[in-house]
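Counting the first sequence from 1 gives a position; this note's numbering is that position plus 177. Note that beta-carbon positions come from the ideal geometry of N, C-alpha and C, so glycine has one too. Computed from a predicted model, the values in this text were never measured in an experiment. Please read the structure below before turning to the comments.
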Amino acid sequence: MSTIEPRTLKGFRDYLPTAMLAREQLIDTARRVYRSYGFAPIDTPALEYLEILTGKGSDETDKQLYRFQDHGGRDVGLRFDLTVPLARFMAQHSAALGVPFKRYHIGPVWRGENTQRGRYREFMQCDFDTIGTLAPAADVETALVIHDLIQALGFSRFQIRVNNRMVLNGLLDRLGLSDRSSAVLRSLDKLAKIGRDRVAEELAQFAGANPDQIRDVLRLTELTGDNSAILRQLEPLVAGSETGQAGVARLDQLLAAAAAAGVPDNRLRLDVSIARGLDYYTGVIFETFLDDLPTLGSVCSGGRYDNLAALFTKELLPGVGASLGLDRLLAGMEELKMVASASTPATVFIAFFDPQRLVDYLRLAANLRAAGLGVELYPDPKKLGAQLKYAARRGFQTALVAGENEFAAGIVQVKDLATGHSRDVSLAAGIQPLLDALRDSPPPRVRPLP
RNA sequence: GUGGCUAUAGCUCAAUUGGUUAGAGCGCCAGAUUGUGGCUCUGGAGGUUACCGGUUCGAUCCCGGCUAGCCACCCCA
């Protein structure tokens, strides 16, 4: 009988324990950081009515939607991100929730686009957003969360690039290009990659800009210096545009506040050429790049969107937030050797050494688990060497070895699997001395870069 | 979605101008005086050369298709 070839769809992946432990640890870290700012968890369905999802991001995102008819003939789609479902969610529940509402949402999203390193068709996003306030404080807080998050995940060399759509829109308004802003921004965004000459070409070709307009847009690319220097050079460029000036003011405020809150200047960089992001962004925009993997793309992006919920309700529900691309970040961390090779979540290994003592091993394991430790008891009374090898491979921190001699003496051998050293701990006075011996910090599963 | 490159054991790679039983290292399993792993030694398992088809006396090798991965475009986490 022939077998079915086991395989997975393009862009979809299996996760083995080593990868999954790392994923779960990243999720735990994100959850901890989000909660520390008061964001509360929500969840929404993977599947939405198609009309909820279409027309929210851009033409491109509509093309990438996984869509089909369900068994009842309804047109449905898999969510493309977590922000559009949030807009729907808020329109439905804002009365019950009240504003401002801060939520985080961790879950998979699906995009039917071509795959590459760090680009998958199914991937996990970890969003946090603040809904129902236009306050600059919420923008600042978004930057702080991104910073705390990436740092908590073990990175020290990264850059959050920040810009504001109002600055760009104000400038384009002044130049009479606002009706072609998407095309202009798309070209401008490629600056770092294709250079200013080709940006100029594209501006003429795709945005129909005249030479004067092109020259003025390209002035944006000539800004140099630190954040405050760029701000000063930006001011004259938006002079006369109320929107543009407001945008510069908000950037100024954001950068000053973030710096005051302890974000180093080199980690939060004003970059007027970052423009992309989905069409729904209206204010501040964030993108986060790892210094050591600049080609990986942004691992945490977001911004302010003041009109998104307007598609679902007449109520004014502005929002600001960002999304951590967990799977992309993990792909980067694997490349940077930041992912530990442990494949067990437990730290304590108990060797099944004496076949007559199963009950004693089980009791010991139970006592340690009751104290909050992760404990695995080997199922077979195999050769001790083989058991220790198994334990070391899996990444256990400590092995407990007890045979006839130890039981007779009322002790257990506590073996540090990293160093190979072991010592005897008495069980005569109860489990506490053993717990003390095991209390040493558990192995880090993700190593920070030097 | 478009274009290019690639595809051999769990992983990294070999295999003379297409030639018969496709190899190595690492890993895995089992041993090396019946209580201690990471070093060493021995043995073993594991491949319809991604899959389907074509050319040929004969295909891992040449051709086509398909699937997947990577790169660029596009876009994005």
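No Cβ-Cβ contact shorter than 8 Å links Gly480 with Phe305. Fewer than three beta-carbon pairs drawn from the region 544 to 553 and the region 594 to 601 are found closer than 8 Å, and the two stretches are therefore not classed as touching.
For Phe245, the closest alpha carbon among the candidates Ala360, Glu228, Gly284, Val261 is that of Glu228. Look at the beta carbons and you see the region 384 to 391 not touching the region 305 to 314: under three pairs across the two are nearer than 8 Å.
In the structure shown, the three-state DSSP call for Arg184 is coil. Ranked by how close their Cα comes to the Cα of Leu494, the residues Met267, Pro222, Ala528, Leu467 have Met267 in first place. Taken through DSSP and simplified to helix, strand or coil, Ala499 comes out as strand.
Taking C-beta separations shorter than 6 Å and ignoring five residues to either side along the sequence, the partners of Leu428 in its chain run Asn341, following chain order. For Ile219, no beta strand (DSSP E) encloses it, and the DSSP letter there is neither H nor E.
For Lys279, no alpha helix (DSSP H) segment is defined; the enclosing uninterrupted segment is the beta strand (DSSP E) at 278 to 287. The beta carbons of Leu485 and Ala264 sit closer together than 8 Å. In this structure Leu539 is exposed. Its beta-carbon is surrounded by fewer than 16 other beta-carbon atoms within 10 angstroms. If you check the CB distance, Ser359 and Glu379 do not come in under 8 Å. For the set Leu193, Ser355, Phe383, Leu615, the Cα lying nearest the Cα of Thr524 is the one of Leu615. With distances taken between CA atoms, Val461 lies nearest to Leu445 out of Leu473, Leu445, Asp468, Ile371. Within the region 292 to 332, the complete alpha helix (DSSP H) segments at least 4 residues long are 313 to 329, listed from N- to C-terminus. Contact between Leu408 and Val394 does not hold, since their C-beta atoms are separated by about 18 Å, which reaches or exceeds 8 Å. Burial check for Pro441: the Cβ neighbour count within 10 Å stays below 16, so the residue is exposed.
The distance from the Cβ of Gly188 to that of Glu299 is about 7 Å, consistent with a contact at the 8 Å cut-off.
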